[in-house]
Amino acid sequence: YMATPGNPKWKRNNLTYRILNYTPKMRRADVDEAVRRALNVWSSVTPLTFQKLEDKEADIMISFAYRDHRDNSPFDGPNGQLAHAFQPGEDIGGDVHMDEEETWTKDGRGYNLFIVLAHELGHSLGLSHSNDPGALMYPTYSYIDPDEFLLPQDDINGIQSIYGQSNAPMQPTGPITPEACDPNLTFDSITTLRGEIFFFKGRYMLRKHPARTEAELNFISLFWPRLPSGIQAAYENIERDEITFFKEDKYWVVRGYDILPGYPKRIYHLGFPKTVKRVNAAYNDETTGKTYFFVADRYWRYDEEKKSMDHGYPRKIVSDFGNIGRVDAAFQKDGYVYFFHGTTQFQFDPHAKRIVRKMKSTSWFNC
Amino acid sequence: FPVAPEAEDEEKTLQFVESYLQSFYDLRKDHHPHIRSGENPLTAKLKEMQSFFGLEVTGKPDLETLEMMKKPRCGVTDVQK
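So the protein lines, in turn, are chains P and R.
With positions in the first sequence counted from 1, the corresponding number in this note's numbering is that position plus 154.
Read in this note's numbering, the second sequence has 32 at position 47, and its numbers run on one by one without any break.
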């Protein structure tokens, strides 16, 4: 994170704000709600409070503006610059200007007003841009479902370096951006995808292309804005060019960027008993067309042709895969199966039916 | 002679890069690219932008750099004036 040089900050913690005008692209009540939630992002981690004023001059004046709006920083029309804000201070200090020509929404279409406002209010409170790609104060826009939004730890550290911690008994913490070579890195799920390998963690995915040394960090929402974060299992059906994602008792089937119609479905549709509440990991064996689902200490085998679970399952993982413990994530590549348990990775040879190698979870990132 | 398409593209790309660096990296409008002494200010600012975004610091408007510049973003600068 970066505090604004000169460390401008508000001298009081109880600040005022006012919405000067509204965009015709959203219901007024939705704009009010977006503003309220965006302010709450910062008040929930600091001693700051925000009171709404209907008239009079407020500390933070929020408005929608068009092109040259006489602040020496004209907007540029749709896309490009979405909004800007001014550091704490008198008059224009603290004010937020949103580019009226953007497509403002309360969901994943166009630009989500809540996300952009929360970012701009960071500037109004004294923060500059962060170079942590997962931070709210990162300069470029990326969609996050407002209902899933958690202020990243980088932003919490930044704003608390200016105003101190919140008065709440429990100090809130936030998600930390995964780093490919963090030795403690664990994964929620992993899948191959058209020759690449995608490692999922929280809102993020690390994308590893065989021809590139570096893994690329992106938000899951970059490819699939309607998928939730925290994907718990994922596998690729190469023959059908489909990826199946699992979270809790639901699953989505995706081809390219598109979620196929009719999804999400409940996992019981695949043949799981109602006692199963979530899938920990999954992989598809390209040679046999069988998919393996790992749940706690057991696993099921699913026939992709018949679209049903094979008889004689579930079986104990330890009986057929050895001592790999509970499986966080799994994928198959070049005939081997890779199982991940915490920061440990096991390479399994399905022909020899045994573990042939044990590595760090980050072995794919050329650390 | 009509400008060859790629030269025209190149000109447009250079203008786009200049405009981005002026907006967000405090590149002076009157920067003199032919100053003998020292590095070309545009190249220096381009390296600053690439370093901020964790891109390979080439000083050239390569594909990844242009992709990052085209992303919708906040209008506040990335460096402090």
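Backbone N, C-alpha and C define an ideal beta-carbon position, used for all residues, glycine too.
Minimum Cβ-Cβ distance from residue i to chain P less than 8 Å
i     : result
K45/R : no
R58/R : yes
F1/R  : no
D11/R : no
Q7/R  : no
D15/R : no
V63/R : Strictly speaking, residue 63/R in this sequence is Asp, with Val absent from that position. Judged by the 8 Å Cβ criterion, D63/R is in contact with chain P.
Pairwise C-alpha distance: residue j and residue i
i       : j      : result
K179/P  : T259/P : 7 Å
D63/R   : H283/P : 6 Å
K355/P  : P418/P : 20 Å
V270/P  : S296/P : 9 Å
K401/P  : I421/P : 9 Å
F204/P  : Q319/P : 16 Å
D412/P  : W378/P : 7 Å
V185/P  : P332/P : 32 Å
R436/P  : E459/P : Note that residue 436/P is Ala in the sequence shown here, rather than Arg. Roughly 17 Å between the two C-alpha positions.
R357/P  : G44/R  : 31 Å
V408/P  : T441/P : 21 Å
K14/R   : P26/R  : 11 Å
D245/P  : C521/P : 50 Å
P293/P  : N285/P : 8 Å
E507/P  : Y490/P : Going by the sequence as given, residue 507/P is Lys instead of Glu. Rounded to whole angstroms, K507/P to Y490/P spans 10 Å at the Cα level.
S375/P  : H277/P : 24 Å
F341/P  : K404/P : 19 Å
K55/R   : G416/P : 34 Å
D(-6)/R : R394/P : 40 Å
V189/P  : R361/P : 34 Å
E(-4)/R : G443/P : 53 Å
N338/P  : W518/P : 14 Å
K431/P  : P323/P : 33 Å
Q7/R    : G60/R  : 12 Å
N175/P  : F240/P : 18 Å
G425/P  : K461/P : 9 Å
A388/P  : T398/P : 5 Å
E370/P  : F38/R  : 13 Å
A272/P  : N226/P : 23 Å
L516/P  : W406/P : What sits at residue 516/P in the sequence shown is Thr, not Leu. So the two alpha carbons sit approximately 27 Å from each other.
F352/P  : F475/P : 23 Å
R455/P  : E350/P : 24 Å
I478/P  : A450/P : 12 Å
Test: residue i CB closer than 8 Å to a CB of chain R
i      : result
E274/P : yes
S217/P : no
A238/P : It should be noted that the sequence gives His, not Ala, for residue 238/P. It does; some Cβ of chain R falls within 8 Å.
S227/P : yes
H283/P : yes
G234/P : yes
T516/P : no
T158/P : yes
P293/P : yes
H277/P : yes
Y101/P : What the structure shows of chain P is the stretch from 155 to 521, and residue 101/P is not part of that stretch, so it cannot be assessed.
Residue-chain proximity (residue i, chain A), Cβ-Cβ < 8 Å
i       : result
E(-4)/R : The question asks about chain A, but that chain is absent: this structure's protein chains are P and R.
Review point. When the Cβ atoms of the segment 185 to 203 of chain P are set against those of the segment 318 to 331 of chain P, are three or more pairs found closer than 8 Å?
Key: yes
Review point. Along the segment 489 to 507 of chain P, what residues have a CB closer than 8 Å to any CB found in chain R?
Key: none
Review point. Do three or more CB pairs link the segment 242 to 249 of chain P to the segment 284 to 291 of chain P at distances below 8 Å?
Key: no
Practice item. Would you list, in sequence order, the uninterrupted beta strand (DSSP E) runs of no fewer than 3 residues that lie entirely inside the segment 450 to 493 of chain P? Key: 452 to 457 and 483 to 487
Review point. Of the residues that make up the segment 26 to 46 of chain R, which ones have a beta carbon closer than 8 Å to any beta carbon in chain P?
Key: F37, F38 and G39
Practice item. Determine which residues of the segment 440 to 453 of chain P have a Cβ less than 9 Å from any Cβ of chain R, and write them out in chain order. Key: none
Point to revise | Stretch-stretch touch, CB-based, cutoff 8 Å, three pairs: the segment 211 to 218 of chain P with the segment 297 to 305 of chain P | key: no
Point to revise | Segments assigned beta strand (DSSP E), at least 3 residues, entirely inside the segment 392 to 432 of chain P | key: 396 to 401 and 404 to 409
Exercise for review: Report the residue ranges of all beta strand (DSSP E) runs contained in full by the segment 317 to 352 of chain P; include only those spanning at least 3 residues, in chain order.
Suggested key: 343 to 347
Check your understanding: With a cut-off of 8 Å, do at least 3 Cβ pairs link the segment 224 to 241 of chain P to the segment 187 to 195 of chain P?
Key -> no
Exercise for review: Ignoring anything shorter than 4 residues or poking outside the segment 235 to 306 of chain P, list the alpha helix (DSSP H) runs there in chain order.
Suggested key: 267 to 278
Check your understanding: What are the complete alpha helix (DSSP H) segments, minimum 4 residues, inside the segment 157 to 212 of chain P?
Key -> 182 to 197
Point to revise | Complete runs of the alpha helix (DSSP H) confined to the segment 12 to 54 of chain R [at least 4 residues] | key: 26 to 37 and 48 to 54
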